[in-house]
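Trainee: The structure under discussion is supplied below as structure tokens; questions concerning it will follow.
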Amino acid sequence: MIYDLNEVANLPDTFSLEDLRVVCHISKRTARYYLRAGLIPCEISEKKTHCYTIRKEDLLEALKEYQKQPCKFAIPKALNDEKRQRQEALKMMVEQRILSINCLPEKDLKSPTLKKYYQKRLENCRDMMNPPDIETLTGYPRKVVRRWCVEDKLHCIMLDSRIWVKKKDMLSFLCSAEYNSIMRKSQTHLDDIHEIYRKIHRGG
Numbered sequence: 051m052i053y054d055l056n057e058v059a060n061l062p063d064t065f066s067l068e069d070l071r072v073v074c075h076i077s078k079r080t081a082r083y084y085l086r087a088g089l090i091p092c093e094i095s096e097k098k099t100h101c102y103t104i105r106k107e108d109l110l111e112a113l114k115e116y117q118k119q120p121c122k123f124a125i126p127k128a129l130n131d132e133k134r135q136r137q138e139a140l141k142m143m144v145e146q147r148i149l150s151i152n153c154l155p156e157k158d159l160k161s162p163t164l165k166k167y168y169q170k171r172l173e174n175c176r177d178m179m180n181p182p183d184i185e186t187l188t189g190y191p192r193k194v195v196r197r198w199c200v201e202d203k204l205h206c207i208m209l210d211s212r213i214w215v216k217k218k219d220m221l222s223f224l225c226s227a228e229y230n231s232i233m234r235k236s237q238t239h240l241d242d243i244h245e246i247y248r249k250i251h252r253g254g
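So for the sequence shown, the numbering used here puts the first residue at 51; every next one is plus one.
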């Protein structure tokens, strides 16, 4: 706990859990533990709101005890473990939600993170890419890549009867709504979508 006795002195004779949390600079969970464990005496009503009533004189006595035996006010490891378990469960739920996504939201297609991500993916690629290169990059078979080119979805040039795609054109396609809207995505494409979503929404 970190507290200022002047702030405590300015409290009303009786106050709430929220007041205790603010004046002692502790979390609501910690404040609730102190009250439930009897470390800071209080009256508990059955009402859903403002159910804890603390007297200022009781808090002052508790703070004296805290100065003598701070270890007495330590949060039990079991409670910290329970908090960590809840946090891990929440992370797992969020990750499962991300893994269920098979298209980036439309607004994410305008995010600079999307372009930066694919620029990094293209970093070691040749300036002129052929279908086998693009297959390695995207996970889509070269016949699909050729179809993109034939249907003019992916801009290409023909040299000696072979398809070539400039790296900048490949980047534009990867960041496009056309690429994002492919129905049957390769696993590589899905992995990219999930990683981009994490970076945009979780700062990963």
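Heads up, the beta-carbon is just placed ideally off N, CA and C, and yes, glycines get one too.
All values derive from a computational prediction rather than experimental measurement.
1) Determine the burial state of Ile52: buried for a count of at least 16 other Cβ atoms within 10 Å of its Cβ, exposed for fewer.
2) If we count the other Cβ atoms within 10 Å of its Cβ and call it buried at 16 or more, is Val73 buried or exposed?
3) Express the C-alpha separation of His251 and His257 in angstroms, rounding to a whole number.
4) Going along the chain, which unbroken runs of the beta strand (DSSP E) with 3 or more residues stay wholly within the segment 147 to 225?
5) Could you check what DSSP says for Arg105 in three-state terms: helix, strand or coil?
6) CB-CB under 8 Å to His75, same chain, minus the five flanking residues each way: which ones, in chain order?
7) Quick one, which of Val215, Val195, Gly88, Glu57 has its alpha-carbon nearest Met178's?
8) Go through its chain and collect everything with a Cβ distance to Val195's Cβ below 8 Å, but skip five positions before and after it.
9) What distance in whole Å lies between the Cβ atoms of Leu61 and Lys106, which are believed to be in contact at a cut-off of 8 Å?
10) Using C-beta distances below 8 Å, list every residue in its chain close to Tyr116, excluding the 5 sequence neighbours before and after it, in chain order.
11) Where Pro191 and Ser236 are concerned, what is the direct C-alpha to C-alpha distance, given to the nearest angstrom?
12) Hey, is the segment 215 to 233 in contact with the segment 128 to 148, meaning 3+ C-beta pairs nearer than 8 Å?
13) Start and end of the alpha helix (DSSP H) containing Tyr247?
14) If I'm right that Cys225 touches Lys165 with Cβ under 8 Å, what's the distance once you round it to whole angstroms?
15) Cα-Cα, which of Leu67, Leu89, Leu110 is closest to Leu55?
16) Let me know if Ala112 comes out buried or exposed under the rule of 16 or more other beta-carbons within 10 Å of its beta-carbon.
Mentor: According to the data block:
1) By the 10 Å Cβ count, Ile52 comes out exposed.
2) Burial is judged here by how many other beta carbons sit within 10 angstroms of a residue's own beta carbon; Val73 has at least 16 and is buried.
3) For the chain, the structure presents residues 51 to 254; residue 257 sits outside this window and is missing.
4) Runs found: 207 to 209, 212 to 216.
5) In this structure, DSSP gives Arg105 an extended state, which the three-state scheme calls strand.
6) Spatial neighbours of His75 in its own chain (CB-CB distance under 8 Å, excluding positions within 5 residues in sequence) are listed in chain order as Met51, Ile52, Tyr53.
7) Looking from the CA of Met178, the closest CA among Val215, Val195, Gly88, Glu57 belongs to Val215.
8) Excluding its 5 nearest sequence neighbours in each direction, Val195 has C-beta neighbours in its own chain below 8 Å: Pro181, Ile184, Glu185, Thr188, Leu204, Ile213, listed in chain order.
9) Your pair Lys106 and Leu61 checks out as a contact, with CB atoms roughly 5 Å apart and the cut at 8 Å.
10) So the qualifying residues of the chain are Met51, Lys122, Phe123.
11) Distance between the alpha carbons of Pro191 and Ser236 is about 9 Å.
12) No contact exists between the segment 215 to 233 and the segment 128 to 148.
13) Tyr247 -> alpha helix (DSSP H) spans 237 to 252.
14) Indeed, because the Cβ distance is near 6 Å, the residues count as touching under 8 Å.
15) Of Leu67, Leu89, Leu110, the residue nearest in Cα terms is Leu110.
16) The C-beta of Ala112 has 16 or more other C-beta atoms within 10 Å across all chains shown, which makes the residue buried.
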